[in-house]
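Each remark here refers to the structure printed beneath this line.
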Amino acid sequence: MADASPLGWTTNFWSVEGETIRPLRKGIMRETPWPLFVNEQEWLTLIATPTQLELLAVGFLYNEGIIESLDEVLSVRVCEDPEALIDVRLVGERLLPLKRTLTSGCGGGITFADLAASREPLPLTQQWSPKVIYRGMSNLLASVAEPYRAVGGFHSSALAEPDGTLCFVANDVGRHNTIDKLAGAVLLHDLEPRDKFLLSTGRISSEMIGKAAGLGVSLVVSRNSPTATTVQLAREWQITVVGYCRGQRMNVYSAPERIAGRMEDVSGE
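247 is the number that numbering that gives the first Met the number 0 gives to position 248 of the sequence shown; each next residue is one higher, with no gaps.
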């Protein structure tokens with residue numbers, strides 16, 4: 000027997016230590032297919048945790064370049080009965096891309112944007128204290144500690160204020176989905192992302208850095224690593240990418256000028 004909740008699904012399982020088997024009960028992460036309809040046309044299926052789905056749909060459309068602002072969205076409807084789907088109505092007719100590129104995201108992220116497309120480099124005007132970055136990551140981990148203990152198996156991303164305070168947190172089985180949910184929150188909650196930084200618990204893929212660039216976020220921080228393509232794109236776009244942010248340590252892979260601190264002189268080595 001299993002119980003369902005929006006985030007987790009509670010079920011029986013068996014814990015084995017050595018040769019001792021114990022029956023236990025715990026939550027595991029939910030993952031649901033959501034066909035996305037745009038102006039009554041079925042476009043694609045998003046695989047996502049069934050929370051913040053309106054934000055996911057709007058953010059996905061924004062990150063894929065289908066919409067440029069919330070003014071283009073007439074309505075967003077999430078249906079679960081008789082079948083699960085997300086129905087979005089947009090102003091005017093839309094030509095939806097047909098070519099799909101599966102990405103490396105755990106949630107089956109799909110992108111149609113050309114990662115090699117040129118973007119204007121972001122200005123190197125704002126500096127961030129390492130203490131603020133550490134504080135932001137600590138706040139993110141604290142905010143998801145309870146559901147992670149109960150369920151686990153999900154990624155989290157957040158937008159943080161210049162002092163490290165979190166202004167919005169998104170959780171999902173797919174790390175790319177969390178960025179789409181953040182983009183949806185930016186549009187639906189009228190947030191200004193350019194003076195904030197982005198935090199993530201997952202690996203920073205090239206698709207994720209592209210989504211961050213689309214939002215105008217100049218600092219992206221993760222507990223895990225970026226990919227090589229991510230670093231190359233971030234250096235081109237002057238986005239500061241921070242990986243392995245754990246405790247009071249972190250690695251800066253691009254645009255280190257934004258990190259306030261004393262740079263050691265290693266020219267003599």
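Yeah, the Cβ is synthetic: ideal placement off N, Cα and C, and Gly gets one too. Computed from a prediction, not measured in an experiment: that's the story for all the values here.
Alpha carbon to alpha carbon, how far is residue i from residue j?
i	j	result
Thr229	Val77	33 angstroms
Asn176	Cys166	18 angstroms
Asn273	Asp189	With the chain represented from 0 up to 268, any question about residue 273 goes unanswered, as that position is not in the structure.
Leu60	Arg148	32 angstroms
Thr19	Ile203	39 angstroms
Lys98	Tyr252	Here Lys98 scores only 47 on pLDDT, less than 50, and its place in the model is too uncertain to base an answer on.
Ala227	Gly242	12 angstroms
Asp194	Leu43	33 angstroms
Pro225	Met207	10 angstroms
Arg248	Pro96	42 angstroms
Ser74	Pro146	30 angstroms
Pro255	Asn38	44 angstroms
Pro129	Leu140	17 angstroms
Arg222	Asp171	16 angstroms
Ile178	Pro32	18 angstroms
Trp13	Gln51	32 angstroms
Asn250	Met136	14 angstroms
Phe196	Ser155	14 angstroms
Val216	Ala182	11 angstroms
Gly107	Ala169	Summary for Gly107: the model assigns pLDDT 47, below 50, so the residue's position carries little reliability; its value from the coordinates is reported in the next sentence. Computed Cα separation, rounded: 17 angstroms.
Thr200	Arg24	26 angstroms
Arg174	Phe153	8 angstroms
Arg261	Ser142	31 angstroms
Lys180	Ile258	27 angstroms
Ala211	Pro22	43 angstroms
Asp2	Pro81	In this predicted model, Asp2 has a pLDDT of only 47, less than 50, meaning its place in the structure is not dependable; the value taken from the coordinates is given anyway. Those two C-alpha atoms are separated by around 20 angstroms.
Glu79	Gly213	31 angstroms
Glu138	Trp127	Reading off the sequence, residue 138 comes out as Asn, not Glu. Looking at the two C-alpha atoms, the distance is approximately 16 angstroms.
Ala56	Ser68	13 angstroms
Gly58	Ile46	14 angstroms
Asn11	Ser205	37 angstroms
Gln231	Ala144	33 angstroms
Among the options, which has the Cα closest to the Cα of residue i?
i	options	result
Pro161	Gly152, Leu198, Gly151, Ala141	Leu198
Glu119	Phe153, Gly209, Glu30, Ile46	Gly209
Gly246	Ser156, Val220, Ala157, Leu123	Val220
Ile27	Val150, Gly163, Pro255, Ala169	Val150
Thr124	Ala141, Leu218, Ala182	Leu218
Glu71	Leu181, Leu186, Ser205	Leu186
Val131	Ser156, Leu69, Thr164	Thr164
Ala83	Glu41, Gly213, Ala233, Arg134	Glu41
Cys346	Leu69, Ala259, Arg134, Val57	Nothing can be reported for residue 346, as the shown portion of the chain is limited to 0 through 268.
Leu94	Gly64, Ile46, Asn138, Gln126	Gly64
Roughly how far, in whole angstroms, is the beta-carbon of residue i from the beta-carbon of residue j, given that I think they are within contact range, below 8 angstroms?
i	j	result
Ile85	Leu35	5 angstroms
Thr48	Glu30	7 angstroms
Leu158	Pro122	Not quite, the Cβ-Cβ distance comes to about 19 angstroms (not below 8 angstroms), so this is no contact.
Leu54	Ala233	Incorrect: roughly 25 angstroms between the Cβ atoms, too far for contact.
Any contact of the region 224–244 with the region 87–94, i.e. 3+ C-beta pairs under 8 angstroms? no
Taking the runs of the beta strand (DSSP E) that are 3 residues or longer, which of them lie wholly in the region 212–241? 218–221
Within the region 127–163, ranges of the beta strand (DSSP E) (whole runs, at least 3 residues): 154–159
What are the start and end residues of each continuous beta strand (DSSP E) run of 3 or more residues lying completely inside the region 159–192, in chain order? 165–171
Those runs of the beta strand (DSSP E) which lie wholly inside the region 51–89 and span at least 3 residues: 72–78, 84–89
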